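With the numbering used here as the guide, the letters of the sequence shown map in order to residues 11 to 429. Accompanying notes for the structure given below.
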Amino acid sequence: MSNRFQIDSTGYDQILQARRIAVFITDLDQIIMNGKGDMEVMSAVLHEQLLVDNALNQIGPPPFIGQSIWAIIPELTSYEMEVASILGEMLPALDLHWINRTQPIDPKSSLEADPATLYLDVTVRPYRQQTDSTILGLLFIVEDTTDSGVQHQQIVQTRNDLFLIKDQLQQHSQDLTIANAELAHGARTKSQFVSVAAHELRTPLAAITGYVDLLLDGMFGPLNDEQTQFLNIVLNSARRLLDITNNLLDVTMIESGHIELVLNPVDLAQLIKRVALELHPIYQGRDQDLTAYLEEDLSPAMIDETRTFQILSNLISNASKYTPQGGQITINLHPSDTPGFAQIAIQDTGVGIPPEDQKRMFSRFFRASSAQLVNASGAGLGLHITQHLVELHGGHIWFESLPGQGTTFYVTLPLWEDE
11 MSNRFQIDST GYDQILQARR IAVFITDLDQ IIMNGKGDME VMSAVLHEQL LVDNALNQIG
71 PPPFIGQSIW AIIPELTSYE MEVASILGEM LPALDLHWIN RTQPIDPKSS LEADPATLYL
131 DVTVRPYRQQ TDSTILGLLF IVEDTTDSGV QHQQIVQTRN DLFLIKDQLQ QHSQDLTIAN
191 AELAHGARTK SQFVSVAAHE LRTPLAAITG YVDLLLDGMF GPLNDEQTQF LNIVLNSARR
251 LLDITNNLLD VTMIESGHIE LVLNPVDLAQ LIKRVALELH PIYQGRDQDL TAYLEEDLSP
311 AMIDETRTFQ ILSNLISNAS KYTPQGGQIT INLHPSDTPG FAQIAIQDTG VGIPPEDQKR
371 MFSRFFRASS AQLVNASGAG LGLHITQHLV ELHGGHIWFE SLPGQGTTFY VTLPLWEDE
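Listed below in structure tokens is the structure:
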């Protein structure tokens with residue numbers, strides 16, 4: 011071996027071992043002329059079992075002397091131009107990070123172990139003659155950077171996992187957007203169908219009820235008792251269908267946000283009396299007693315009179331429907347605990363609402379199981395519509411109920427503030 015490629019060993023080996031560094035020196039043709047350093051690192055680079063004890067007992071030159079550096083560090087193949095630039099003094103150095111190698115296993119060890127991965131950093135610099143700095147070849151410094159390499163791999167893996175999750179989330183988001191668009195289209199189609207169907211049904215139903223009323227009034231001649239009975243059945247059925255049709259229209263308007271209120275100052279006490287008078291045949295036919303306690307001097311409410319009539323009619327007719335023969339319905343009107351609001355309470359002595367049904371009472375198409383106890387008819391839309399109409403006014407609706415003891419519905423509505 012030429013003295014030009016000797017490595018000064020004074021304390022040098024200890025430093026290389028402590029830092030887990032191996033050093034290789036090549037000539038201008040990149041043939042390895044010398045090498046020193048950590049045996050484990052050298053073994054990893056050379057893909058050989060160059061363990062410390064073998065190296066210490068070795069006679070003659072190490073087996074890597076005379077080999078091409080390109081053979082033991084094939085990763086350099088992508089950097090041929092950079093290596094040439096270092097030799098031509100156009101590039102000061104080249105750094106390669108986290109080259110991975112399989113850590114050699116001592117064949118003399120009695121312990122079974124899986125090969126571990128080492129991560130190595132390689133720095134390539136010109137190797138110069140000490141006297142005149144002439145470039146004699148290349149100096150390769152190989153350092154064990156396994157700790158940082160493992161961390162880097164974990165970061166890369168985590169980043170890749172995050173990118174994968176991001177892509178999956180984006181795909182899910184696109185799928186949800188498409189699904190929501192399809193659902194929205196389906197909902198619009200359904201609402202349009204219900205609206206058209208309800209409008210088409212309402213006209214002939216109104217004609218039926220109108221002509222039956224004329225027949226019952228004797229406009230086309232006298233009726234016997236049997237004819238009157240049958241016509242009343244037809245009239246009640248037509249009115250029930252008309253109510254369902256109107257409710258379906260209201261639901262589609264609520265869902266599409268097309269309900270608009272016409273607000274005016276209204277005397278709530280007088281409005282309640284009108285509703286009670288219109289519903290008188292219903293609760294009178296069931297031998298029920300309706301009592302109203304109304305504060306007559308209460309300020310007018312700022313409400314849509316037609317829609318509030320609908321709210322009260324729904325609640326009072328429900329109270330009658332779910333109260334057995336001979337029951338009691340009580341209406342209270344007084345100022346609310348919330349300033350600027352009136353409170354209406356409609357109490358009945360009916361069958362009550364089971365606890366398991368109470369959370370769903372305002373849901374669309376839901377009917378409490380207690381409806382079967384009194385054979386109450388309906389489509390389960392009244393309370394759903396009522397809640398939305400109350401909330402459109404800025405009010406609130408809630409109820410208290412015990413099975414077998416009756417139900418009380420409470421409604422708050424805004425009062426008119428006369429400035």
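Here a beta-carbon is modelled for each residue, glycine too, at the ideal position from N, C-alpha and C. Predicted model, so just to flag it, every value in this text is computed and none were measured.
Sorted by chain position, which residues of the same chain lie with C-beta nearer than 7 Å to residue i's C-beta, five sequence neighbours on each side aside?
| i | result |
| --- | --- |
| Trp426 | Pro275, Ser309, Pro310, Ala311 and Met312 |
| Tyr293 | Leu300, Ser330 and Ile339 |
| Thr333 | Gln298, Ile339, Asp358, Thr359 and Gly360 |
So, for residue i: in the same chain, excluding its five sequence neighbours on each side, which residues have a beta-carbon less than 6 Å away from its beta-carbon?
| i | result |
| --- | --- |
| Asp105 | Thr133 |
| Asp131 | His107, Glu153 and Thr155 |
| Gly47 | Leu26, Ile31, Ala32 and Val33 |
If I follow the unbroken alpha helix (DSSP H) through residue i, where does it start and stop?
| i | result |
| --- | --- |
| Thr318 | Glu315 to Lys331 |
| Ala103 | Element bounds for Ala103: n/a, residue is neither H nor E. |
| His398 | Gly392 to Leu402 |
| Phe240 | Asp235 to Ser266 |
| Gly416 | Careful: Gly416 lies outside any alpha helix (DSSP H), inside the beta strand (DSSP E) at Gly416 to Pro424. |
| Tyr293 | His290 to Gly295 |
| Gln368 | Pro365 to Gln368 |
| Ala126 | No alpha helix (DSSP H) holds Ala126; DSSP gives it neither H nor E. |
Compute the beta-carbon to beta-carbon distance between residue i and residue j, rounded to the nearest angstrom, for a pair I have assumed lies under 8 Å.
| i | j | result |
| --- | --- | --- |
| Arg111 | Leu86 | In fact, because the Cβ distance is near 14 Å, the residues do not count as touching under 8 Å. |
| Ile79 | Ile31 | Contact flag wrong, Cβ pair sits at about 16 Å. |
| Ala191 | Leu215 | 35 Å between Cβ atoms; not a contact. |
| Leu343 | Glu305 | 6 Å |
Comparing alpha-carbon positions, which option in the options lies nearest residue i?
| i | options | result |
| --- | --- | --- |
| Glu410 | Met263, Val421, Gln320 and His403 | Val421 |
| Ile341 | His394, Lys369 and Ala286 | Ala286 |
| Tyr137 | Leu130, Leu149, Asp131 and Glu90 | Leu149 |
| Pro364 | Gln320, Leu325 and Thr417 | Thr417 |
| Gln320 | Arg370, Tyr89 and Gln397 | Gln397 |
| Trp108 | Thr156, Ala191, Leu391 and Glu401 | Thr156 |
| Ile83 | Tyr89, Val55 and Thr36 | Val55 |
| His403 | Ala378, Gly350, Leu391 and Phe376 | Gly350 |
| Leu325 | Arg296, Glu90 and Ile356 | Ile356 |
| Gly295 | Glu305, Gln335, Met263 and Val51 | Gln335 |
| Asp39 | Gly147, Ile395, Asp235 and Glu236 | Gly147 |
| Leu224 | Ile188, Thr213, Ile165 and Thr238 | Thr238 |
Where do the N-terminal and C-terminal ends of the beta strand (DSSP E) with residue i fall, by residue?
| i | result |
| --- | --- |
| Trp408 | His406 to Leu412 |
| Met49 | No beta strand (DSSP E) holds Met49; the alpha helix (DSSP H) holding it covers Met49 to Leu56. |
| Gly147 | Ile145 to Asp154 |
| Ile35 | Ile31 to Asp37 |
| Ala10 | The shown model of the chain, from 11 to 429, leaves out residue 10, and the question about it has no answer. |
| Ala378 | From DSSP, Ala378 is part of no beta strand (DSSP E); its letter is neither H nor E. |
| Ile339 | Gln338 to Pro345 |
Sorry if obvious, but does the Cβ on residue i come closer than 6 Å to a heavy atom of the ligand ATP?
| i | result |
| --- | --- |
| Gly390 | In terms of ligand content, the structure shown is empty, and the ligand ATP therefore cannot be addressed. |
Contact between the region 232-252 and the region 268-283: three or more CB pairs below 8 Å?
no
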